[in-house]
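Take a look at the structure set out below.
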Amino acid sequence: MKKIVFMAMMIATGMSATAQDEIETTISGDIVSSYIWRGQELGSTALQPTLGVSYKGLSLTAWGSYGLVNTADTKEFDLTLAYTIGGLNIGVTDYWFDRGGLDPEGRYFKYDVHGTNHVFEANIGYDFGFASLQWFTNFTGNDYKEDGKRAYSSYMEVVVPFKLSAIDWTATVGAVPFESVQYGTSGFAVTNLALKATKEIKLTDTFSIPVFGQIAANPCSQKAYLVFGFTLQP
Numbered sequence: 006m007k008k009i010v011f012m013a014m015m016i017a018t019g020m021s022a023t024a025q026d027e028i029e030t031t032i033s034g035d036i037v038s039s040y041i042w043r044g045q046e047l048g049s050t051a052l053q054p055t056l057g058v059s060y061k062g063l064s065l066t067a068w069g070s071y072g073l074v075n076t077a078d079t080k081e082f083d084l085t086l087a088y089t090i091g092g093l094n095i096g097v098t099d100y101w102f103d104r105g106g107l108d109p110e111g112r113y114f115k116y117d118v119h120g121t122n123h124v125f126e127a128n129i130g131y132d133f134g135f136a137s138l139q140w141f142t143n144f145t146g147n148d149y150k151e152d153g154k155r156a157y158s159s160y161m162e163v164v165v166p167f168k169l170s171a172i173d174w175t176a177t178v179g180a181v182p183f184e185s186v187q188y189g190t191s192g193f194a195v196t197n198l199a200l201k202a203t204k205e206i207k208l209t210d211t212f213s214i215p216v217f218g219q220i221a222a223n224p225c226s227q228k229a230y231l232v233f234g235f236t237l238q239p
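In case it helps, this note's numbering puts the sequence shown at residues 6 to 239.
Structure representation (structure tokens):
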């Protein structure tokens, strides 16, 4: 993790980028009918807030998910440090869940590698414009095989954006390259096929709400989902 963060800082300070020259802040919140992530159902109707700051390609973002209907849904709080230059992006994410990890008490500040609910993931990707390619790998935290060895669970995906009938669409194909308890695979498996449409609904001259619908399927688990949601942001 230290090497990845150091690399991001060196790139940020040693290269000139065409990113913004002022600090930008992101505040938003999604309301979704169900929480679907990389082809997996992680909860029912949820509020998913985002708070982030960025400067010249370097960003720090906090994201969470909180069930609105089912009190048994897992609460999630993630922090991502990322850097983007041109089409290239690298990042590190700290995922935390209040239950389902190695700490029954769900303590946020418990980082013991054999007793934590945190999962740390590194990613690298490139946006070619017509499509983007991403690779993610867990490198420490709560990610083990059934035999107790570290799993290094990984996920890769291709996202293709396009426009149809004045609506923004994205098509996603995601796969897990090898065995992973986290993704429920015993080897290479396609785990995410998704098609998402987004349309901004204009309410006033200065305020609009992005509304989205998504069809997602997981061929590996034989599951399929239909999701509706909208985004609130100032």
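Each residue gets a CB set at the ideal place from its N, CA and C atoms; glycine is no exception. Every value quoted in this text rests on a predicted model; they were computed, and no experiment measured them.
If you draw a 10 Å sphere on the C-beta of W101, you find 16 or more other C-beta atoms in it, and that means buried. The segment 155-172 and the segment 183-193 touch, with no fewer than 3 CB-CB distances between them shorter than 8 Å. Rounded to whole angstroms, the gap between the alpha carbons of A194 and N223 is 9 Å. Taking C-alpha positions only, R43 is separated from G179 by approximately 7 Å. For a cut-off of 8 Å, the C-beta gap from T50 to L86 is around 30 Å, too long to register as a contact. Here the segment 164-176 makes no contact with the segment 144-155; the two share fewer than three CB pairs at distances below 8 Å. Around the CB of F133, fewer than 16 other CB atoms lie within 10 Å, so the residue is classed as exposed. Of the other Cβ atoms in all chains shown, fewer than 16 fall within 10 Å of the Cβ of T76; this residue is therefore exposed. Around the beta-carbon of I220, fewer than 16 other beta-carbon atoms lie within 10 Å, marking it exposed. Non-local C-beta neighbours of K150 in its own chain, meaning closer than 8 Å and more than five positions away in sequence, comprise A156, E184 and V186, ordered along the chain. Annotation for L86: the continuous beta strand (DSSP E) segment containing it runs E81 to I90. In the three-state reduction of the DSSP assignment, P182 falls in the coil class, being assigned neither a helical nor a strand state.
If you draw a straight line from the Cα of F135 to the Cα of L93, it is about 14 Å long.
Where N223 is concerned, the enclosing beta strand (DSSP E) starts and stops at S213 to N223. Nearest to V58 by C-alpha distance, out of T31, E46, V37 and E81, is T31. S38 and L65 have their alpha carbons spaced roughly 27 Å apart. Note that the C-beta distance between F235 and P215 is below 8 Å.
Around the beta carbon of G105, a 10 Å sphere encloses fewer than 16 other beta carbons of the protein chains shown; the residue is thus reported as exposed.
Proximity to W140 across D210, T98, S33 and K228 peaks at T98, based on C-alpha coordinates.
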